[in-house]
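Note that full-length UniProt numbering numbers the sequence shown so that position 703 is 703, with each residue one more than the last.
Each residue gets a CB set at the ideal place from its N, CA and C atoms; glycine is no exception.
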Amino acid sequence: LDVSMDTWSYFHTCLVSIWLHRFYIYSAVAFGISLWIVIQFTRTRRKVTEPGAADKLGNGCAPPQAQEVHVAGVKIFYGSQTGTAKRFAKTLAEAVTSLNLPVEIINMGDYDPEDGLAEETSSRNICVFLVATYTEGQPPESAAWFCRWLEEAANDFRVGKSFLQGLRYTVFGLGNSAYVDHYNTVGRRMDRWLWMLSASRIMTRAEGDCNVTQSRHGSIEADFEAWKTKFLTRLQLLCKGEKKPCSGKCKKEKCKSSGKRSKEGSDHEHGTSEHENTEAEELFETSGEEEAGGTDSVIDVEDLGNIMGHMKKAKVLLLEGEWLGVVHGVSHSGYHLGYFVCQFLQAKLNCLMICALSSGYKLIGSHSGVKLCRWTKSMLRGRGGCYKHTFYGIESHRCMEATPSLACANKCVFCWRHHTNPVGTEWRWKMDQPEVILQEAIEKHQNMIKQFKGVSGVKAARLEEALAVKHCALSLVGEPIMYPHINRFVRLLHQHGISTFLVTNAQFPEEIRRLEPVTQLYVSVDASTKESLRRIDRPLFKDFWQRFQDSLKALAEKQQRTVYRLTLVKAWNVDELKAYADLISLGKPDFIEVKGVTYCGESSASSLTMANVPWHGEVVSFVQELARLLPEYGIACEHEHSNCLLMAHSKFQVDGEWRTWIDYGRFQELAREYEQSGGSRTFTAAEYTARTPPWALFGARERGFDPLDVRFQRKNKARDTSGC
1 LDVSMDTWSY FHTCLVSIWL HRFYIYSAVA FGISLWIVIQ FTRTRRKVTE
51 PGAADKLGNG CAPPQAQEVH VAGVKIFYGS QTGTAKRFAK TLAEAVTSLN
101 LPVEIINMGD YDPEDGLAEE TSSRNICVFL VATYTEGQPP ESAAWFCRWL
151 EEAANDFRVG KSFLQGLRYT VFGLGNSAYV DHYNTVGRRM DRWLWMLSAS
201 RIMTRAEGDC NVTQSRHGSI EADFEAWKTK FLTRLQLLCK GEKKPCSGKC
251 KKEKCKSSGK RSKEGSDHEH GTSEHENTEA EELFETSGEE EAGGTDSVID
301 VEDLGNIMGH MKKAKVLLLE GEWLGVVHGV SHSGYHLGYF VCQFLQAKLN
351 CLMICALSSG YKLIGSHSGV KLCRWTKSML RGRGGCYKHT FYGIESHRCM
401 EATPSLACAN KCVFCWRHHT NPVGTEWRWK MDQPEVILQE AIEKHQNMIK
451 QFKGVSGVKA ARLEEALAVK HCALSLVGEP IMYPHINRFV RLLHQHGIST
501 FLVTNAQFPE EIRRLEPVTQ LYVSVDASTK ESLRRIDRPL FKDFWQRFQD
551 SLKALAEKQQ RTVYRLTLVK AWNVDELKAY ADLISLGKPD FIEVKGVTYC
601 GESSASSLTM ANVPWHGEVV SFVQELARLL PEYGIACEHE HSNCLLMAHS
651 KFQVDGEWRT WIDYGRFQEL AREYEQSGGS RTFTAAEYTA RTPPWALFGA
701 RERGFDPLDV RFQRKNKARD TSGC
């Protein structure tokens, strides 16, 4: 018993001692763990920095089979006019090959960026762009299409801003600083466009200068060699698993990336140092202003809202300063004040539109415009036409998208222009003559078509056909029917053998009544009740609902082809079937197009999101329900790609076959007879119909895609369901 008590007393004493000294014990354990971590870390660093460790990677880059591949290869793209960029590409390829990496040299003129660049987002390749700046700041001829596509993709809201996310790149521009206004503009723009599409820089853009007096290293060859050395070092770091590429947030010639990096890695990756007068600082340059996009950046007319944010301050000054100056500086008589008001409005329109021009959109005169539709480009390459090709048989590659009036009387929530185009209820601008508008529209359209010569994938026969415009979609932007000389303009189009598809927003009933025959007249029916129309179209007229109904009644009086265009917006107008049926009975259209709304990107003027875009199956269900309420109509055609269906009046179903297509030759004959007779020889829609092919019919296996073309779908990319 005594032994037992002594043992217990001993253990009790030990436990008490441990408890009293527990903080010392904790400290010892913590110190031991810390020491173990330091030893392990030191051993790891020694292994990495051992001489010959790089040799285990095969001369610094090519990893063994058992190791993860960080860089699969290098693709060198060049755009050259005199051969310098091509020569640099070959030199760089030889240097990359010495690192045991696969390398490919690509002429931009032989490359299809729409197909190829998307694949590079997951290829683990490094893309190097060597591009020269040619006359007047333009790219070399071989790189023209590559740059044009990149520019349009970067500024088109229908192309996701993360389209090139995952692509790793760097740009080396070739230029001559003697041309101050255009020095290396192509390289700078290409770098910005890639960045806007979420591609990741591995190095800041570099610029070589042909002007030996200004070149940092004495010649463009020396500039290239200096950059090449830094690129190869950066490439080796990437091969070893360096995962800190440029963030793209470069300000004042400094490239800033998140996270910490070694001094060596930072220097090689960004080519900058803390001292402004270093060699690298002068060799590499990129500015925050370029990334944000200044007033000289290129913006698609369908995305004008982006640039308008930068102009708000200027517009306020214009309104508060210049306007007040006009009012106080002139006579208060009605004539003089009215004259200066018109001059002010004209100046404002030109200012807004000119600041928003892009290579995809061409301004004509004071109030008109023309643009190359994406479906025109698609059909040039044999990738299918728009829904008008499926529904009515137009040749999309021969269609000109234009408008004689940029102004509109509505501010629709789904407007492609983000409500930045001019608005008004009457004509208030200096008027251009129809002959001038048509001539310039055709010339500008043809010039845009000619730029596709030699572009990869473009069919030569279709390119030749496209130069002869056969159709005109007067639906680009604004309200074409507001143009006071719209009838003369339409007649001129017909005299040139061009069919006319005119769209109006149903706010000008008298103009609809006075409109002479067009190939097909559209009315946008965006809602079926007064309140929903107010919410969706946000019209400027106070009597908008009466105007809307009167416009539909005026449409019913037309003898040529008429169409209701319904745009479905989930949670806004998809539950008004009975009201839609009543409106259809009012206007008695020949056809009803039902299309899901196209999401146009974020805008402070609209609360729409992707949640408001209906699925194609939902559009089909809506049309089927509507057809049950309209026994005189049937579902004729479908264009799945545009998320669009066509309902047609039963009079266009002859002997069990739909005849929704148009006999364009016959229409031109009827239009000539109408004009020659002074309007006494009228004609009806039934006189120029044509049989609808089986592939265009609703329920066909092709879902509206012409089997003569080849459907193209990007890999791992969201499908674009927008239409013209």
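From the DSSP output, in three-state form, read off residue i for me.
| i | result |
| --- | --- |
| F521 | The sequence given here has Leu at residue 521, not Phe. Note: L521 maps to strand in three-state DSSP. |
| E50 | Below a pLDDT of 50, predicted positions are generally treated as unreliable, and E50, at 48, falls in that range; the measurement from the model is reported next regardless. E50: coil per DSSP, three-state reduction. |
| R234 | helix |
| D209 | strand |
| Y26 | helix |
| K362 | strand |
| Y664 | helix |
| N107 | strand |
| E221 | helix |
| G704 | coil |
| T682 | coil |
| T403 | strand |
| L566 | strand |
| C373 | coil |
| G617 | helix |
Are residue i and residue j touching if we call contact CB-CB under 9 Å?
| i | j | result |
| --- | --- | --- |
| K430 | S366 | yes |
| L194 | R188 | no |
| L697 | E625 | no |
| Y387 | S642 | yes |
| G241 | H70 | yes |
| Y580 | V525 | yes |
| G393 | Y664 | yes |
| V623 | V597 | no |
| G382 | D709 | yes |
| V370 | E440 | yes |
| I364 | K444 | yes |
| L99 | Q214 | no |
| R168 | N125 | yes |
| L35 | K228 | no |
Would you report the Cα separation of residue i and residue j, rounded to the nearest angstrom?
| i | j | result |
| --- | --- | --- |
| W545 | L533 | 8 Å |
| A95 | H616 | 51 Å |
| L101 | K459 | 36 Å |
| A611 | V436 | 43 Å |
| V38 | S123 | 38 Å |
| N573 | H389 | 27 Å |
| I662 | P404 | 24 Å |
| A222 | F77 | 20 Å |
| L629 | V654 | 22 Å |
| P693 | D706 | 9 Å |
| S650 | M400 | 30 Å |
| A690 | M108 | 43 Å |
| T376 | R398 | 7 Å |
| L645 | I635 | 8 Å |
| Y633 | F391 | 15 Å |
| S17 | W8 | 14 Å |
| F23 | Y10 | 22 Å |
| L380 | H217 | 46 Å |
| V180 | Y674 | 58 Å |
| R703 | W695 | 7 Å |
| D537 | G73 | 52 Å |
| residue 725 | M203 | Because the chain is modelled from 1 through 724, residue 725 falls outside the range shown and cannot be assessed. |
Apart from the five residues just before and just after residue i, which ones in its own chain have a Cβ nearer than 8 Å to its Cβ?
| i | result |
| --- | --- |
| N487 | R514, L515, E516 |
| P509 | R547, D550, S551, K553, A554 |
| Q81 | A132, Y134, P140, E141, S142 |
| L438 | F489, L492, L493, H496 |
| Q560 | P517, V518, T519, Q520, L521, F683, T684, A685 |
Is it the case that the CB of residue i approaches a heavy atom of the ligand SAH more closely than 8 Å?
| i | result |
| --- | --- |
| I220 | Ligands in the displayed structure: none, and consequently the ligand SAH is not present. |
Excluding five sequence neighbours on each side, which residues of the same chain lie with their C-beta closer than 6 Å to the C-beta of residue i?
| i | result |
| --- | --- |
| F163 | L197 |
| L586 | L552 |
| A648 | F591, A636, T660 |
| H485 | P434 |
| A89 | I76, Y78, I105, L130 |
| R462 | L380, H397 |
Return the chain-ordered list of same chain residues with a C-beta closer than 7 Å to the C-beta of residue i, the five sequence neighbours on each side being excluded.
| i | result |
| --- | --- |
| Y688 | I662, D663, R666, F667, L670 |
* Count the C-beta pairs between the region 681-691 and the region 616-636 that are closer than 8 Å, then say yes if the count reaches three, no if not. => No, they do not touch.
* Please determine if the region 461-470 and the region 480-499 are in contact, where contact requires at least 3 C-beta pairs separated by less than 8 Å. => yes
* If you pair each beta-carbon of the region 107-115 with each one of the region 144-156, do three or more pairs fall below 8 Å? -> yes
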